[in-house]
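Anchor point for the sequence shown: position 71 equals 70 in numbering that gives the first Met the number 0, and the numbering is continuous, going up by one each time.
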Amino acid sequence: MQDPEHQLQCACVRWFRYAHADLSPLLFAVPNGGRRDHITGARLKAEGVVAGVADLLLLVPSQQHHALCIEMKTARGRQSPAQKEWQQHAEAHGYRYEVVRDFDTFERVVSEHLKNNE
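Quick look at the structure:
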């Protein structure tokens, strides 16, 4: 079974690692999703896992934002209530948050963010 969101995220990360090799360590995935048993879920929550955190974080500031948070979604994918709430918290504290549904949008958003870092 193919996972279009996974494929999109992998393609975006590959591009970033190639186009911005010097910043490569500063873009990383937050593996919050997926099914887990209750014990693993409780352990992760105790370790600090927070529901709704964006899929990718780019820890490079711009002139306007502390960092860039990217939520990957398919064309029909929708944010969960926890994701919307986390977005509100992030934006209220000076972080840029974008929902990305295709490669071109990812490239544009990242390029804009990094251009505003100059």
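Built from N, CA and C at the ideal position, the CB exists for glycine as well.
Beta carbon of residue i nearer than 9 Å to that of residue j
i      : j     : result
Asn31  : Ala50 : yes
Pro3   : Thr73 : yes
Phe15  : Leu7  : no
Leu58  : Ile69 : no
Val108 : Leu67 : yes
Gln87  : Ala53 : no
Asn116 : Pro60 : yes
Backbone CA spacing between residue i and residue j [nearest angstrom]
i     : j      : result
His37 : Lys114 : 43 Å
Gln62 : Glu111 : 11 Å
Val99 : Thr39  : 29 Å
Tyr96 : Arg42  : 27 Å
Ala20 : Phe27  : 13 Å
Arg35 : Gln78  : 20 Å
Arg75 : His5   : 14 Å
Ala18 : Val48  : 30 Å
Outcome for residue i when other beta-carbon atoms lying within 10 angstroms are tallied against a minimum of 16
i     : result
Gln1  : exposed
Cys11 : buried
His92 : exposed
Ala89 : buried
Exercise for review: Identify every run of the alpha helix (DSSP H) within the segment 12-84, keeping only runs that are complete inside it and at least 4 residues long; order them along the chain.
Suggested key: 37-46, all fully within the segment 12-84.
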